[in-house]
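For my numbering, add 752 to where a residue sits in the sequence shown, where the first one is 1.
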Amino acid sequence: MSSTTTTAPAPAAGSPERPRRSFRELLSALPWIGPSLALIILIVLFPAGYMVFSSTRDISQSGIDRGSAGFQNYLDVFAIPALPRVLANTAVWVVAVVALTVVLSLALSNFLNKQFPGRQIVRLAVIVPWAASVVMTTTVVYYGLQPNYGIINQFLADVGILDSPDFGFTKNATSAFVVAIVVAVFVSLPFTTYTLLAGLQSIPGDVVEAARMDGASHRQVYFSIVLPQLKPALAVAAIINIINVFNSLPILRLMTGSIPGYDADTTTTLIFKLIQSDRAVDQASALSVVNFVIVIAVIALYMRIVKPMKGVDE
């Protein structure tokens, strides 16, 4: 006597049972994904949504909501005379800091990936700018570059780079902006270097060794094998740096905040000035939305051009 086991057929696509089953599966997963979803809603979506809402309101200098303003705040922002200069400064700021950081970090990570005496100490030393406060680092550089009494100015004069220590690096918009770029690169190096170092150490050694045994030169191995495998790490490092640098306030605020006008401002520092000096929260919200759209567009363009995963999973 034989027994047969029958199984219920799977619900066909489009049948009423299939949506109900998907809904039950979602409910069963909620205890696991619920905390993450709540965190995303509270920390990311709600502030972003409130920012967009504030950008369409007429908010007084004392913070009173006087009703809908439509798109007037955006029109006011685009009518700011200094906006073209600010946007140009933002582009120079982001491109210069990110490009220099990635190039220097790539060289530094390749150096730290080699075996040499004291490598662990050097690796720990690289973390120091990351561990230190960005405000503290910028403040030290700012006062070190003060005319006449700044220790960096005095050193540059002693070695003959400056004629006298009374040169005002932080008193001129262009020189202060350049110094801010140097400080931003300095504080961005540790994270980027360790991200690329992790990418280098994830590359299988037998692949590199096989290429060398096939007669490939060090240059061919690096550009044909190592760099393609490093593209995902490079993409992560570049994207995070773009976001951080684009929204960076402390360095530029401390280094160029005392300079009148908008010659050394980026969109982020302009947002701060709209809030602090003009108390125009509604216009600042509108510029924040514009800033957010620009960041998303830049990252999307970067991902489309670079295609970091192309050739890695193939």
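Note that the Cβ used here is the ideal one computed from N, Cα and C, for glycine as well.
One thing to note: S861 has its Cβ within 8 Å of the Cβ of L949.
Listed in chain order, the alpha helix (DSSP H) elements of length 4 or more contained wholly in the region 899-953 are 903-910, 925-953. Rounded to whole angstroms, A989 and L864 show a C-alpha spacing of 17 Å. In the structure shown, the three-state DSSP call for R1031 is coil.
Here T944 is not near V874, since their CB atoms are 8 Å or more apart.
Straight-line spacing of the CA atoms in L941 and S780 works out to 43 Å. Secondary structure note for G819: it is in no alpha helix (DSSP H), and the uninterrupted beta strand (DSSP E) holding it is 817-820. Taking 8 Å as the upper bound for CB-CB distance, P1002 and V847 are not in contact here, some 20 Å apart. By the 16-neighbour rule on beta-carbons within 10 angstroms, M1007 is buried. Between the beta-carbon of A936 and that of S1000 there is about 6 Å, and that keeps the pair under the 8 Å contact cut. Closest option to D1017, judged by alpha-carbon separation, among I1057, I933, V939, Q972: I933. With distances taken between CA atoms, V880 lies nearest to F938 out of L856, F938, T891. Assignment of I811 by DSSP, reduced to helix, strand and coil, places it in the strand class. Under the 10 Å beta carbon count, P917 is surrounded by 16 or more other beta carbons and is classified as buried. Around the C-beta of I1023, 16 or more other C-beta atoms lie within 10 Å, and the residue is accordingly described as buried.
Inter-segment contact for the region 1037-1057 and the region 956-967 is absent: fewer than three beta-carbon pairs are separated by less than 8 Å. Each residue's CA atom was taken as its position, placing P1012 and N900 some 22 Å apart.
Under the DSSP assignment, T853 falls in the alpha helix (DSSP H) whose first and last residues are 835-864. Nearest Cα to Q813 within the set V1058, V1047, A1036: A1036. Judged by DSSP in its simplified three-state form, L897 adopts coil rather than helix or strand. By the neighbour-count criterion, in which 16 or more other beta carbons inside 10 Å mark a residue as buried, W784 falls on the exposed side. Between the alpha carbons of T889 and F830 lies a distance of about 34 Å. Contact check for I992 against Y1054 fails: the beta carbons are separated by 8 Å or more. Boundaries of the alpha helix (DSSP H) around F805: 798-806. Judged by DSSP secondary structure, P980 falls within the alpha helix (DSSP H) whose first and last residues are 979-998. Ranked by how close their Cα comes to the Cα of N841, the residues R776, R1056, L1026, T1019 have T1019 in first place. A Cβ-Cβ separation of about 4 Å places I811 in contact with D1034 under the 8 Å criterion. For F830, the enclosing alpha helix (DSSP H) covers residues 824-830.
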